[in-house]
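Each residue of the sequence shown is one higher than the last, beginning at 27 in the numbering used here.
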Amino acid sequence: VIYTEGNRALFRFDVPDFWVLRTGGPRELQDTELGDTRAVSRVMAARPVADDSVWIGFVSPFGVTTVEDGLRYLSDIDKFLVKKPLVTGRSVTRIGGRPAQVIRGTGQRDGRGVSFTATVIDLPESRVAVAVAILRDGADPGYVDDLNAVFASFRPER
27 VIYTEGNRAL FRFDVPDFWV LRTGGPRELQ DTELGDTRAV SRVMAARPVA
77 DDSVWIGFVS PFGVTTVEDG LRYLSDIDKF LVKKPLVTGR SVTRIGGRPA
127 QVIRGTGQRD GRGVSFTATV IDLPESRVAV AVAILRDGAD PGYVDDLNAV
177 FASFRPER
(Lines of atoms letter the chains of each structure in order from A; the text may use other names.)
(Lines give C-alpha, C1' and ligand atoms only; values in the text may rest on other atoms or scores of the structure.)
Protein backbone atom coordinates (compact mmCIF):
# COMPACT_ATOMS: atom_id res chain seq x y z
CA VAL A 27 0.00 0.00 0.00
CA ILE A 28 1.31 3.48 -0.82
CA TYR A 29 0.34 6.46 1.34
CA THR A 30 -0.03 9.55 -0.84
CA GLU A 31 -0.80 13.19 -0.35
CA GLY A 32 -2.09 14.67 -3.57
CA ASN A 33 0.19 13.26 -6.27
CA ARG A 34 3.13 12.72 -3.91
CA ALA A 35 3.92 9.27 -2.50
CA LEU A 36 5.21 9.56 1.09
CA PHE A 37 5.67 5.94 2.26
CA ARG A 38 4.59 2.36 1.69
CA PHE A 39 3.88 -0.71 3.82
CA ASP A 40 2.48 -4.21 3.38
CA VAL A 41 -0.93 -5.22 4.71
CA PRO A 42 -1.01 -8.78 6.13
CA ASP A 43 -3.02 -11.48 4.38
CA PHE A 44 -6.64 -11.62 5.52
CA TRP A 45 -6.56 -8.03 6.77
CA VAL A 46 -8.72 -5.23 5.39
CA LEU A 47 -7.50 -1.69 4.71
CA ARG A 48 -9.62 1.45 5.03
CA THR A 49 -8.53 4.82 3.78
CA GLY A 50 -9.92 8.25 4.36
CA GLY A 51 -9.08 11.77 3.36
CA PRO A 52 -8.60 14.76 5.63
CA ARG A 53 -11.29 15.11 8.30
CA GLU A 54 -12.01 16.48 11.75
CA LEU A 55 -12.39 14.33 14.85
CA GLN A 56 -14.29 15.50 17.90
CA ASP A 57 -13.93 14.32 21.47
CA THR A 58 -17.54 14.08 22.63
CA GLU A 59 -16.58 14.37 26.30
CA LEU A 60 -14.40 17.48 25.92
CA GLY A 61 -15.93 19.00 22.79
CA ASP A 62 -12.40 19.29 21.40
CA THR A 63 -12.01 19.07 17.61
CA ARG A 64 -8.80 18.29 15.71
CA ALA A 65 -8.05 18.28 11.98
CA VAL A 66 -6.62 14.95 10.86
CA SER A 67 -4.75 14.25 7.63
CA ARG A 68 -5.47 11.20 5.50
CA VAL A 69 -5.65 8.07 7.65
CA MET A 70 -4.96 4.53 6.45
CA ALA A 71 -6.06 1.84 8.90
CA ALA A 72 -5.93 -1.94 8.76
CA ARG A 73 -7.35 -4.77 10.84
CA PRO A 74 -8.01 -8.49 10.40
CA VAL A 75 -11.07 -9.23 8.25
CA ALA A 76 -12.81 -11.33 10.90
CA ASP A 77 -11.57 -9.72 14.12
CA ASP A 78 -11.67 -6.19 15.50
CA SER A 79 -9.39 -6.83 18.49
CA VAL A 80 -6.35 -5.34 16.71
CA TRP A 81 -5.92 -2.22 14.58
CA ILE A 82 -3.06 -0.27 13.03
CA GLY A 83 -3.31 3.18 11.52
CA PHE A 84 -0.94 5.47 9.63
CA VAL A 85 -1.05 9.22 9.05
CA SER A 86 1.39 11.88 7.88
CA PRO A 87 0.04 14.97 9.65
CA PHE A 88 0.05 18.35 7.92
CA GLY A 89 2.70 20.70 9.31
CA VAL A 90 4.45 18.04 11.40
CA THR A 91 8.03 18.11 10.13
CA THR A 92 10.23 16.46 12.79
CA VAL A 93 10.08 13.46 15.10
CA GLU A 94 9.84 15.84 18.06
CA ASP A 95 6.86 17.57 16.41
CA GLY A 96 5.37 14.10 15.85
CA LEU A 97 5.66 13.28 19.54
CA ARG A 98 3.87 16.54 20.39
CA TYR A 99 1.22 15.66 17.80
CA LEU A 100 0.70 12.29 19.50
CA SER A 101 0.27 13.91 22.91
CA ASP A 102 -2.30 16.23 21.33
CA ILE A 103 -4.39 13.42 19.79
CA ASP A 104 -3.91 10.70 22.42
CA LYS A 105 -7.37 11.22 23.88
CA PHE A 106 -8.89 10.34 20.49
CA LEU A 107 -7.02 7.02 20.40
CA VAL A 108 -6.82 5.66 23.95
CA LYS A 109 -8.46 6.71 27.18
CA LYS A 110 -6.39 6.74 30.39
CA PRO A 111 -3.07 6.04 28.61
CA LEU A 112 -0.19 4.81 30.75
CA VAL A 113 3.21 4.85 29.03
CA THR A 114 5.19 1.71 29.84
CA GLY A 115 8.20 2.21 27.58
CA ARG A 116 9.97 4.40 25.06
CA SER A 117 12.69 3.58 22.56
CA VAL A 118 14.67 5.11 19.75
CA THR A 119 15.09 2.90 16.68
CA ARG A 120 15.16 2.85 12.89
CA ILE A 121 12.21 1.80 10.74
CA GLY A 122 12.59 1.50 6.99
CA GLY A 123 16.11 2.86 7.43
CA ARG A 124 14.80 6.08 8.99
CA PRO A 125 15.07 7.41 12.58
CA ALA A 126 12.00 6.63 14.68
CA GLN A 127 10.74 6.86 18.24
CA VAL A 128 8.36 4.33 19.73
CA ILE A 129 6.06 4.74 22.73
CA ARG A 130 4.38 1.69 24.25
CA GLY A 131 1.65 1.62 26.83
CA THR A 132 -1.75 0.52 28.03
CA GLY A 133 -5.11 2.19 28.35
CA GLN A 134 -8.76 1.80 27.44
CA ARG A 135 -10.63 2.01 24.16
CA ASP A 136 -14.39 1.59 23.91
CA GLY A 137 -14.43 0.60 27.59
CA ARG A 138 -11.97 -2.28 27.15
CA GLY A 139 -8.32 -2.65 28.13
CA VAL A 140 -5.77 -2.29 25.33
CA SER A 141 -2.04 -2.20 24.70
CA PHE A 142 -0.78 0.39 22.24
CA THR A 143 2.33 1.25 20.30
CA ALA A 144 2.66 4.77 18.92
CA THR A 145 5.51 5.36 16.50
CA VAL A 146 6.86 8.47 14.81
CA ILE A 147 9.06 7.83 11.77
CA ASP A 148 11.18 10.54 10.15
CA LEU A 149 10.52 10.84 6.39
CA PRO A 150 12.47 12.69 3.70
CA GLU A 151 11.67 16.32 2.91
CA SER A 152 10.53 17.44 6.38
CA ARG A 153 7.67 14.98 6.90
CA VAL A 154 6.92 12.22 9.39
CA ALA A 155 4.74 9.15 9.45
CA VAL A 156 2.80 8.44 12.62
CA ALA A 157 1.66 4.87 13.22
CA VAL A 158 -0.52 3.68 16.06
CA ALA A 159 -1.20 0.01 16.74
CA ILE A 160 -3.84 -1.03 19.26
CA LEU A 161 -4.27 -4.58 20.57
CA ARG A 162 -7.25 -5.31 22.80
CA ASP A 163 -6.63 -7.32 25.99
CA GLY A 164 -7.24 -11.00 25.24
CA ALA A 165 -6.53 -10.68 21.49
CA ASP A 166 -4.70 -13.48 19.72
CA PRO A 167 -0.99 -12.90 20.50
CA GLY A 168 -0.18 -13.97 16.93
CA TYR A 169 -1.36 -10.55 15.79
CA VAL A 170 1.84 -9.10 17.26
CA ASP A 171 3.74 -10.92 14.50
CA ASP A 172 1.43 -9.35 11.89
CA LEU A 173 1.97 -5.88 13.34
CA ASN A 174 5.73 -6.39 13.45
CA ALA A 175 5.62 -7.50 9.79
CA VAL A 176 3.83 -4.27 8.86
CA PHE A 177 6.60 -2.22 10.51
CA ALA A 178 9.29 -4.41 8.91
CA SER A 179 7.77 -3.70 5.47
CA PHE A 180 7.62 0.09 5.97
CA ARG A 181 9.62 2.08 3.40
CA PRO A 182 9.77 5.82 2.77
CA GLU A 183 9.20 7.03 -0.78
CA ARG A 184 11.74 9.42 -2.23
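Note that the Cβ used here is the ideal one computed from N, Cα and C, for glycine as well. Since the structure is predicted, the reported quantities are computational estimates derived from the model, not experimental observations.
| Item | Value |
| --- | --- |
| Contact check, ALA187 vs SER79, beta carbons under 8 angstroms | With the chain covering only 27 through 184, there is no way to say anything about residue 187. |
| Assigned secondary structure, THR119 (DSSP; H/G/I helix, E/B strand, else coil) | strand |
| Cα-Cα separation, LEU112 to ASP171 | 23 angstroms |
| C-beta contact flag for PHE142 and ALA159 at 8 angstroms | yes |
| Nearest neighbour of LEU173, chosen from GLY50, PRO125, ILE28 and PRO42 [CA to CA] | PRO42 |
| GLY139, buried or exposed, once every other Cβ within 10 Å from all chains shown has been counted against 16 | exposed |
| ALA175 versus ILE121 - alpha carbon distance | 11 angstroms |
| Per-residue burial, GLY96 [other beta carbons within 10 Å of its own, 16 or more giving buried] | buried |
| Among THR92, GLY50, ASP102 and ARG124, nearest to VAL69 - alpha-carbon criterion | GLY50 |
| VAL46 versus GLU94 - alpha carbon distance | 31 angstroms |
| Length of the line joining the Cα atoms of ILE147 and ALA126 | 4 angstroms |
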